[in-house]
Amino acid sequence: MIYAYMRASNGDVDLKNQRKKLEACEFVKGKDIEFISDTVSSGKPYEQRKIASVVDGLKAGDVLLVAELSRMARNTEEVLKIGRLCVDKGASLKILNPVIDFDGGMQSEILLTVLGMASNIERYYIKSRTSIALARKKQEILEKGYFTSKDGKRIRQLGTVKGSKKKLKLEDRKDEIFILLDKGLTQSSIAKLLDVSRHTISRFLIRFPREAVQAEEA
């Protein structure tokens, strides 16, 4: 069975355009195809999008067809995840633009390996830049007594906020989260990078409203 996944960000027109591209694909001519539309934002976690249930339901020999890569995944890590899940089930993932075919063959295994390396490198550089920025801000505090935040405020101390409230899971990584917010990362991206749920990040930002404002502005 061929499952054609479509995700719209601009309403019905976007869905219709994707469907035209999928129907025009030579691969689907004369074959049974089921179209699946989704209107949820790509900012939602993978598990909250229809693509997750589609992949979960794939059987050996099935094909997941997508018109554009951006309609299916939001980053390299997610492409790798979906591609690997399809291959492990004995199914195939075909993307029309850019042309990518995960069919369990040698080329798709090589591509999965390359994507895995790219994802690890991307994560390494983000963490590296975060550490450098954090060290720079600590040095500024030592030299000037403060550093200037993205919104122009003078911050005189890095660390957890003391008080009667129950300590949050991420308070020990507060400085790291501040840096990531300043870089413009979304809550979902930060959650994935720190290996926590998006809800955990949301709770953290509720406790620290200044950072929540920065996240909205980014």
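Numbering (the working numbering), first residue to last: -15 to 202. From the three backbone atoms N, C-alpha and C, an ideal C-beta is built for every residue, glycine too.
Cβ-based burial, Met101 [other Cβ within 10 Å; buried from 16]:
Here residue 101 corresponds to residue number 117 of the sequence shown, with the count starting at 1. Exposed, by the Cβ-count rule.
Looking at the strands, I want to know which residues DSSP matches up with Glu31.
Along the sequence shown, read from residue 1 onward, the residue named residue 31 stands at position 47. None, per the DSSP bridge assignment.
Burial state of Phe11, where buried means 16 or more other Cβ atoms lie within 10 Å
Counting from one through the sequence shown, the residue named residue 11 turns up at place 27. The residue is exposed, with fewer than 16 neighbouring Cβ atoms inside 10 Å.
Rounded straight-line distance, which links the Cα of Leu152 to that of Ile190
For the purposes of this step, residue 190 is taken as residue 206 along the sequence shown, with counting starting at 1. For the purposes of this step, residue 152 is taken as residue 168 along the sequence shown, with counting starting at 1. Between Ile190 and Leu152, the C-alpha separation is close to 11 Å.
Following the continuous alpha helix (DSSP H) through Met56, name the residue where it begins and the one where it ends.
Along the sequence shown, one-based indexing puts residue 56 at 72. Here the alpha helix (DSSP H) through Met56 covers 53 to 56.
Report all residues from its chain with a CB closer than 6 Å to the CB of Glu18; omit the five preceding and five following residues, and keep chain order.
Within the sequence shown, the letter at position 34 stands for residue 18. Counting only Cβ-Cβ distances below 6 Å, and skipping sequence neighbours, we find Tyr(-13).
Delimiting residues of the alpha helix (DSSP H) encompassing Ser172
The residue you call residue 172 lines up with position 188 of the sequence shown. Per DSSP, the continuous alpha helix (DSSP H) segment holding Ser172 begins and ends at 171 to 178.
Checking the sheet assignment: what are the DSSP bridge partners for Ala(-12)?
In the sequence shown, counting from the first residue as 1, residue -12 sits at position 4. Ala(-12) is bridged by DSSP to Phe19, Leu49.
So what's Asn81 in DSSP terms, helix, strand or just coil?
What you label residue 81 is simply residue 97 of the sequence shown in a count that begins at 1. Strand at Asn81.
Please classify Val47 as buried or exposed, where buried requires at least 16 other C-beta atoms within 10 Å of its C-beta.
Translated into positions along the sequence shown, residue 47 becomes position 63. That one is buried.
Cβ distance (whole Å) where Leu53 is taken to contact Val63 below 8 Å
If you number the sequence shown from 1, residue 53 lands on position 69. If you number the sequence shown from 1, residue 63 lands on position 79. About 7 Å separates the two Cβ atoms, so the contact holds.
DSSP state of Phe192, grouped into three classes?
For the purposes of this step, residue 192 is identified with residue 208 of the sequence shown, where counting begins at 1. Phe192: coil per DSSP, three-state reduction.
In the DSSP assignment, what residue or residues form a beta bridge with Ser76?
For the purposes of this step, residue 76 is taken as the residue at position 92 of the sequence shown. For Ser76, which the question treats as bridged, DSSP gives the partners Val47.
For Arg140, the three-state DSSP class (helix, strand or coil)
Position 156 of the sequence shown, counted from the start, is the residue given in the question as residue 140. Residue state, collapsed to three classes: coil.
Sequence-distant residues of its chain with Cβ nearer than 8 Å to Ile161 (five each side left out):
Translated into positions along the sequence shown, residue 161 becomes position 177. Non-local C-beta neighbours of Ile161 in its own chain, meaning closer than 8 Å and more than five positions away in sequence, comprise Leu154, Ile174, Leu178, Ile185, Phe188, Glu195, ordered along the chain.
With a CB to CB cut of under 8 Å and the five nearest residues on each side skipped, what residues in its chain are close to Arg140?
For the purposes of this step, residue 140 is taken as the residue at position 156 of the sequence shown. Taken in chain order, the residues that qualify are Ile125, Gly129, Tyr130.
Who pairs with Thr132 in a beta bridge, going by DSSP?
In the sequence shown, residue 132 corresponds to position 148, counting from 1. Arg138, per the DSSP bridge assignment.
Would you mind working out which of Gly89, Ala57, Thr114 sits nearest Lys167, comparing C-alpha positions?
As a first step, residue 167 is located in the sequence shown; it is residue number 183 there, counting from the start. In this structure, Thr114 is the residue among Gly89, Ala57, Thr114 with its C-alpha nearest to the C-alpha of Lys167.
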